[in-house]
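Student: Below is a structure I'd like to ask you about.
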Amino acid sequence: MKEQQEKPLFSVSPPLYHTFMQAFERQHIHLYDADPAGIKKENGIEVVLRYGDRFQHEIRKCFSFSDIENAPLVAEFFNQAAESCKEVLIADYYKMMKS
């Protein structure tokens, strides 16, 4: 089977992208501070989320199609990712100010 390529999350799964936007907006994180992508698999979608300085931090999680319909499970993942992203952005800011 041919390996699927990463595509922007909004084109792979608009519902997942919407949940991503909500979680990051609640944490007051600009959407340009993260790079959400998705890979369609046979049984679901793998979310690839990069953030931080030069997008060097990465979180991956696979969601089955039934998981995607289970909004709390997906929201929990994106809420944790937003919190992690916020911590990294704050740390990156202080590193930049020190230099």
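So the sequence shown is numbered by numbering that gives the first Met the number 0: it starts at 0 and just counts up by one. The C-beta atom is built at its ideal place from N, Cα and C for all residues, glycine as well. Nothing here was measured: the structure is a model prediction, and the numbers come from that model.
Check the Cβ-Cβ distances between Ser10 and every residue of chain B, and say whether any is below 8 Å.
Tutor: Considering every chain present, this structure includes no chain B. It has just one protein chain.
Student: How big is the Cα-Cα spacing for Met0 and Tyr50?
Tutor: Taking the first residue of the sequence shown as position 1, residue 0 is located at position 1. Taking the first residue of the sequence shown as position 1, residue 50 is located at position 51. Here Met0 scores only 44 on pLDDT, less than 50, and its place in the model is too uncertain to base an answer on.
Student: Would you tell me roughly how many angstroms separate the C-alpha atoms of Val73 and Thr18, rounded to the nearest one?
Tutor: By 1-based counting over the sequence shown, the position of residue 73 is 74. By 1-based counting over the sequence shown, the position of residue 18 is 19. So the two alpha carbons sit approximately 7 Å from each other.
Student: What three-state label does DSSP hand Met0 in the structure shown?
Tutor: Counted from its first residue, the sequence shown places residue 0 at position 1. Per-residue confidence for Met0 stands at a pLDDT of 44, beneath the threshold of 50, marking its modelled position as unreliable; the derived number appears in the next sentence. Note: Met0 maps to coil in three-state DSSP.
Student: Quick check: the Cα distance between Ser65 and Ser98, rounded to an integer number of angstroms?
Tutor: By 1-based counting over the sequence shown, the position of residue 65 is 66. By 1-based counting over the sequence shown, the position of residue 98 is 99. If you take the alpha carbons of Ser65 and Ser98, they lie about 47 Å apart.
Student: CB-CB under 6 Å to Ile38, same chain, minus the five flanking residues each way: which ones, in chain order?
Tutor: The sequence position of residue 38 within the sequence shown is 39, counting from 1. Cβ within range, chain order: Gln3, Glu5, Glu45.
Student: Keeping to the same chain, check which residues put their C-beta closer than 7 Å to that of Phe76; ignore five residues upstream and five downstream.
Tutor: Within the sequence shown, residue 76 is the residue found at index 77, counting from 1. Counting only Cβ-Cβ distances below 7 Å, and skipping sequence neighbours, we find Lys60.
Student: Count the other CB atoms within 10 Å of the CB of Phe54; is the residue buried (16 or more) or exposed (fewer)?
Tutor: Sequence index remark: in the sequence shown, residue 54 carries index 55 (1-based). Exposed: under 16 other Cβ atoms inside 10 Å.
Student: Could you tell me whether the Cβ atoms of Cys84 and Asp34 are closer together than 8 Å?
Tutor: Stepping through the sequence shown from its first residue, residue 84 is reached at position 85. Stepping through the sequence shown from its first residue, residue 34 is reached at position 35. Not in contact: Cys84 and Asp34 (Cβ atoms no closer than 8 Å).
Student: From the DSSP output, which residues share a beta bridge with Glu57?
Tutor: Along the sequence shown, read from residue 1 onward, the residue named residue 57 stands at position 58. Glu57 pairs with Arg49.
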